[in-house]
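*Asks:* Below: one structure in structure tokens.
Residue numbers (my numbering), protein chains in the order written: chain A, 996 to 1565; chain B, 996 to 1565.
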């Protein structure tokens, strides 16, 4: 494998063999390693010293189901700390097939120009993209495919990234006409924008799955992995993930009182029924949309959907749980059509719906919009698109919006807004939000699935659960696996070891795997430490410790001493 | 002496004897002590757990010249760390005479109401002040004096503090009709606003200077102190401070290339000649204004002025160096009339001219105003007054303005904007800005006066000089002395010891004094440490390390290892 270095200061590219120190790292793990080795932790995130890293997981490019996620990373313009966000689509798969361990984008164009990077089996080109300036991610993908071929994968930013909004995402295309798989969190779109990079176009040509070191071992493990997913009551063809997508949990989260409602003032939403995955499926099918679609070729779970309007016109694919929570209930909006409209605008501008939903909630709290009034939020998003000062404020995310408007009820940790689980009613997620080096991130260790064994309203067991989940999430993120695909490898880590050994022939043991899980978190924590983070940053906002959340009227009361031990002694 | 506790949650007040642990602390030192003992370091600065502390220095209320400054403090809404800002006027003197060691304002009104606190020798009253809502500091002072008597001292906030702008100051009245002595830095006006406190009215009645423990010792020391100030070529009646005020240094700072110009892009300003103290004196006298006035009764230095317009109408008193730098050259404005107009608006709204000048510079860099075009800045200040989103952004200071507008050239440390000495050409101030627990603050240890002995462009000696100056500044700030009054006590610390012993009979030695200097900084650093600050916060903005500053084309290159040792081993 090799690394592609892209120097945006001198507008040159260079292939480089993988340094031995980076060999065992992939995806999120490789990002942490490169950041710690190469990026000054105190650098200005939008300055020339930061680096944008695109890396498939270790298993990217193989034939394994659900393993092609693309990790994107750098020092976060939102949190100021380490950041990895990942997305489905075809980018991770193509990079893996092309034998590219990472694309590392460095420097900054002196002329403020905008560029596109094209990578195929035969060539690498770094070319101007001035004609794409201001285009949304949909139009950018269309333009890039028109130029480079319809089967290309396009990784791009929208106007939000160009404007360096700290809520800017990076959009990845998928199979067919899929456009909007978002590596959403942490403002990595702003980092890409600061590099003057509008799009990375990946052309896999006819290159098939990557050769593996031990085909028999890999095939056996991959088959078992796929079968377990397929047979699972959750991820299988009759499972809730497949039938209802990520939105399958709307009802349960609402019932447990953790569904963010009107800027995290309430934990259940009177209109939640209309936002449930079951309803989403029903409406989508009735209107001629699609359910049970895939975000990555070959994925057996197929949890996605194409949500369409009443006339059957596709609006977004896929409409997801976090978006429903943050730009739905959190804004007091109780219809899927309203959520989908806001979702489309965010996708096209290249914005994280979680961060923007939280920022809009804060803005509504300050009177700039009205909970339940969709048009008032659309109007604010139009400001974001135009780049007015109001729009730029929202575009910088919830914390900046709160600072400007003088609102202290801001649901964020380390500068990043919380996803759609109020930590006062799902305290394990509170521990994860507080301690994850990523800031408030559900994908860093989501305790929702642990509710049967750990009382979500209690203190006991939250720390241990969060630690376990965070280590597991790191493993998924450095191998390129989807979170939904975790059950087989969480249940039997040897299966993951077999996959890795099958792919690379490293002869890992379960101990080696678990060591790597810890190492990734340790590298991230060390980067953050050097960037100035302390346990003071591992705290939820004050109001969540004081303001009881209906309906359970609980506050977040896991003691600091418990929280602080979560990732100790890795 | 006693402490007045004001509970804004229950709207009650209570006298309290001074706890033994607080006895030897005053002003800035007492603020640090109370914060560390009583305020959770991670609390929301605008929430109920923060406390607003008003405290005279140890020598406040005596007959000593230049010793009546009022220290105001709390956890800063701007920096998130420890904060003390002080101002002249009569508040510190009256508090000292009334035997009040501190007023500690706690809690928060549940109804969002606005209140006034009246303190006289006979009574304490906490009363509604709803009728003063929205009033500027001038009108507030007038209304308070109309109600409570013309000789009262009024400590108040303007609309900026009511709106909880992080650039909001606290205004103190002085002798006669003096209104606008500002405890400007760190957003303490927002803290006062968050307490629902519009004004503190101090009525000294006929109470004279406080009784001292050893009248002979005190009188002798005070007389010598006064005489040394009077005879000094700098602070005396023929001295530059008296003749030209703080603006006396405009020429020198401009010549050394450290005069912030157009958002800290240049270090000298082509129109500096018109902003010099010499010119200020000439214009003021020609127009019938006043120079050589006092901010505190009995001050022998008398460095102030009353700047008037062409018709002789008073605009501001006093027009000061930092304001001239930040809302003058930093905005490309080269006339005193323009500076005075912006200064008046800031004073009346209750805004720190340094923070706002820096924020306006950042806004101009982003194209929201035009360097050299005064009206464009007035227009932005009108937005600040109105509380539009643009105005609120500016009102939150330079860092928030930069975050919203995507500008990374923001001259700030720990969230607080730099005063009018570019640290690339006065590196000692860079060390102070970086390491002071207060954030970028010239009063925390200004190396301008050291330029004869330490090369301002060099690295050598900066650390030691900054450390010495920071310890000295702490001493001035806990005794209530004006910075200009430092020469006699810096030259002979025994003189300060005699003043303190004369006042209190503590039997201190010079070692005790120096121990207290160190203790104050240690307490502040400890509060910040608990609030999450690390050496990562002791850094200048990246562009100042990379972008050479004309005319010397130097960057700030004092190594981190040097910087980090500045306040080590106190």
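Think of the CB as a built atom: it goes at the ideal place given N, C-alpha and C, for glycine as much as any other residue.
Rank 1353/B, 1331/B, 1048/B by C-alpha distance to the C-alpha of residue 1271/B and give the top, closest one.
*Replies:* Position 276 of the second chain holds residue 1271/B. For residue 1271/B, the nearest C-alpha among the options comes from 1331/B.
*Asks:* Going by beta carbon distance, what residues of the same chain come within less than 6 Å of residue 1136/A, once the five residues before and after it are set aside?
*Replies:* Locating residue 1136/A in the first chain gives position 141, where the first residue counts as 1. Once the five neighbours on either side are set aside, the close Cβ partners of residue 1136/A are 1149, 1168, 1174.
*Asks:* Compare the C-alpha of residue 1539/A against each of 1248/A, 1258/A, 1163/A, 1087/A and name the closest.
*Replies:* The residue given as residue 1539/A occupies position 544 in the first chain. Of the candidates 1248/A, 1258/A, 1163/A, 1087/A, the one whose C-alpha sits nearest the C-alpha of residue 1539/A is 1258/A.
*Asks:* Name, please, each residue of chain A whose Cβ falls closer than 9 Å to the Cβ of residue 1039/B.
*Replies:* Position 44 of the second chain, counting from 1, holds the residue named residue 1039/B. Within 9 Å Cβ-Cβ: 1403, 1536, 1537, 1538.
*Asks:* Quick one: what does DSSP say residue 1012/B is sitting in, helix, strand or coil?
*Replies:* Start at 1 with the first residue of the second chain, and residue 1012/B comes out as number 17. Note: residue 1012/B maps to strand in three-state DSSP.
*Asks:* Given a threshold of 16 other Cβ atoms within 10 Å of its Cβ, counted over all protein chains shown, does residue 1503/A qualify as buried or as exposed?
*Replies:* As a first step, residue 1503/A must be located in the first chain, where it is residue number 508. Residue 1503/A should be labelled buried.
*Asks:* Where residue 1256/A and residue 1262/A are concerned, what is the direct C-alpha to C-alpha distance, given to the nearest angstrom?
*Replies:* Looking up residue 1256/A in the first chain gives position 261. Looking up residue 1262/A in the first chain gives position 267. When rounded, the distance between both Cα atoms is 6 Å.
*Asks:* In or out: residue 1496/A buried (at least 16 other Cβ within 10 Å) or exposed?
*Replies:* For the purposes of this step, residue 1496/A is taken as the residue at position 501 of the first chain. Buried: at least 16 other Cβ atoms inside 10 Å.
*Asks:* Buried or exposed, going by whether 16 or more other CB atoms sit within 10 Å of the CB of residue 1505/B?
*Replies:* As a first step, residue 1505/B is located in the second chain; it is residue number 510 there, counting from the start. Counting Cβ neighbours within 10 Å, residue 1505/B comes out exposed, since fewer than 16 surround it.
*Asks:* Where do the ends of the alpha helix (DSSP H) carrying residue 1295/B lie?
*Replies:* Taking the second chain and counting its residues from 1, the one referred to as residue 1295/B is at position 300. That residue, residue 1295/B, is in no alpha helix (DSSP H); it is neither H nor E in DSSP.
*Asks:* Below 7 Å CB to CB, which residues in the same chain sit around residue 1200/A once its five sequence neighbours on both sides are set aside?
*Replies:* Residue numbering aside, residue 1200/A sits at position 205 when the first chain is read from its first letter. Same-chain partners within the cutoff: 1115, 1116.
*Asks:* I want to verify the contact list: residues of chain B whose CB lies under 8 Å from the CB of residue 1399/A, in sequence order.
*Replies:* For the purposes of this step, residue 1399/A is taken as residue 404 along the first chain, with counting starting at 1. In chain order: 1384, 1387, 1388, 1391, 1395, 1399.
*Asks:* Touch check for the segment 1087-1094 of chain B and the segment 1513-1523 of chain B: three-plus C-beta pairs under 8 Å?
*Replies:* Judged by Cβ distances under 8 Å, the segment 1087-1094 of chain B makes no contact with the segment 1513-1523 of chain B, as fewer than three pairs qualify.
*Asks:* Which residues, in order along the segment 1154-1186 of chain B, keep a beta-carbon less than 7 Å from a beta-carbon of chain A?
*Replies:* Under the 7 Å Cβ criterion, the segment 1154-1186 of chain B contributes 1158, 1159.
*Asks:* Are residue 1472/A and residue 1226/A closer than 8 Å when you measure CB to CB?
*Replies:* Position 477 of the first chain holds residue 1472/A. Position 231 of the first chain holds residue 1226/A. For residue 1472/A and residue 1226/A, no; Cβs fall outside 8 Å.
*Asks:* Mapping DSSP to helix, strand and coil, what is residue 1405/A?
*Replies:* Against the first chain, residue 1405/A aligns to sequence position 410. Of the three classes helix, strand and coil, the one that applies to residue 1405/A here is coil, per DSSP.
*Asks:* Excluding the 5 residues flanking residue 1125/A on each side, which residues of the same chain have their C-beta closer than 8 Å to its C-beta?
*Replies:* Position 130 of the first chain holds residue 1125/A. So the list reads 1108, 1109, once near-sequence residues are dropped.
*Asks:* Give me the Cα-Cα distance between residue 1562/A and residue 1444/B, rounded to the nearest whole angstrom.
*Replies:* By one-based count along the first chain, residue 1562/A stands at place 567. By one-based count along the second chain, residue 1444/B stands at place 449. Distance between the alpha carbons of residue 1562/A and residue 1444/B is about 49 Å.
*Asks:* CA-CA distance, residue 1190/A and residue 1097/B?
*Replies:* The residue labelled residue 1190/A in the question sits at position 195 within the first chain. The residue labelled residue 1097/B in the question sits at position 102 within the second chain. Going from the Cα of residue 1190/A to the Cα of residue 1097/B covers about 52 Å.
*Asks:* Give me, in chain order, the residues of the same chain whose beta-carbon lies closer than 6 Å to that of residue 1287/A; leave out the 5 immediate sequence neighbours on both sides.
*Replies:* In the first chain, counting from the first residue as 1, residue 1287/A sits at position 292. Closer than 6 Å at the Cβ level, and outside the excluded window around residue 1287/A, lie 1237, 1297.
*Asks:* Could you list the residues in the segment 1075-1098 of chain B with a C-beta less than 8 Å from some C-beta on chain A, going in chain order?
*Replies:* The segment 1075-1098 of chain B vs chain A, Cβ under 8 Å: nothing.
*Asks:* Give the straight-line distance between the Cα atoms of residue 1177/A and residue 1133/A, rounded to the nearest whole angstrom.
*Replies:* As a position in the first chain, residue 1177/A is number 182, starting the count at 1. As a position in the first chain, residue 1133/A is number 138, starting the count at 1. Cα-Cα distance, rounded: 12 Å.
*Asks:* Residue 1239/A by DSSP, collapsed to three states: which one?
*Replies:* Looking up residue 1239/A in the first chain gives position 244. It is helical.
*Asks:* With residue 1347/A and residue 1179/A assumed to form a contact (beta carbons below 8 Å), what rounded beta-carbon distance in angstroms separates them?
*Replies:* Sequence index remark: in the first chain, residue 1347/A carries index 352 (1-based). Sequence index remark: in the first chain, residue 1179/A carries index 184 (1-based). 4 Å between Cβ atoms; contact.
*Asks:* Under 8 Å, do residue 1066/A and residue 1026/A count as touching if we go by C-beta distance?
*Replies:* Taking the first chain and counting its residues from 1, the one referred to as residue 1066/A is at position 71. Taking the first chain and counting its residues from 1, the one referred to as residue 1026/A is at position 31. The answer is yes: Cβ separation under 8 Å.
*Asks:* Just confirm the distance between the C-beta atoms of residue 1006/A and residue 1112/A, as a whole number of angstroms; I'd bet it's less than 8 Å.
*Replies:* Your numbering for residue 1006/A matches position 11 in the first chain. Your numbering for residue 1112/A matches position 117 in the first chain. The Cβ separation is near 10 Å, so there is no contact.
*Asks:* From the DSSP output, read off the bridge partner residues of residue 1111/B.
*Replies:* By one-based count along the second chain, residue 1111/B stands at place 116. DSSP, once it has assigned bridges, lists 1122/B, 1194/B as partnering residue 1111/B.
*Asks:* When you check each C-beta in the segment 1513-1534 of chain B against every C-beta of chain A, which residues fall closer than 9 Å?
*Replies:* Those residues of the segment 1513-1534 of chain B that come within reach of chain A (Cβ to Cβ, closer than 9 Å) are 1524, 1525, 1526, 1527, 1528, 1529, 1530, 1531, 1532, 1534.
*Asks:* Distance, Cα to Cα, residue 1469/A vs residue 1155/A?
*Replies:* The residue given as residue 1469/A occupies position 474 in the first chain. The residue given as residue 1155/A occupies position 160 in the first chain. One C-alpha to the other measures close to 28 Å.
*Asks:* Near residue 1056/A, which residues of its chain fall below 8 Å by C-beta distance, leaving aside the five closest residues on each side in sequence?
*Replies:* If you number the first chain from 1, residue 1056/A lands on position 61. Correct list, in chain order: 1063, 1087, 1088, 1089, 1090, 1091, 1092, 1093, 1094, 1204, 1205.
*Asks:* Show which residues of chain B have a CB atom less than 7 Å away from the CB atom of residue 1042/A.
*Replies:* If you number the first chain from 1, residue 1042/A lands on position 47. Near residue 1042/A (Cβ distances below 7 Å), the residues of chain B are 1403, 1537.
*Asks:* Mind checking who residue 1069/A pairs with in its DSSP beta bridge?
*Replies:* Position 74 of the first chain holds residue 1069/A. 1078/A.
*Asks:* Closest to residue 1364/B by C-alpha separation, out of 1382/B, 1400/B, 1335/B, would be which residue?
*Replies:* Against the second chain, residue 1364/B aligns to sequence position 369. Taking only the C-alpha atoms, the option nearest residue 1364/B is 1400/B.
*Asks:* In the DSSP output, what is residue 1176/A paired with across the bridge?
*Replies:* One-based indexing of the first chain puts residue 1176/A at position 181. Beta-bridge pairing links residue 1176/A to 1167/A.
*Asks:* Between the C-alpha atoms of residue 1407/A and residue 1359/B, what's the straight-line distance to the nearest angstrom?
*Replies:* Position 412 of the first chain, counted from the start, is the residue given in the question as residue 1407/A. Position 364 of the second chain, counted from the start, is the residue given in the question as residue 1359/B. Looking at the two C-alpha atoms, the distance is approximately 30 Å.
*Asks:* For the alpha helix (DSSP H) containing residue 1268/A, list its first residue and its last residue.
*Replies:* Here residue 1268/A refers to the residue found at position 273 of the first chain. Element bounds for residue 1268/A: n/a, residue is neither H nor E.
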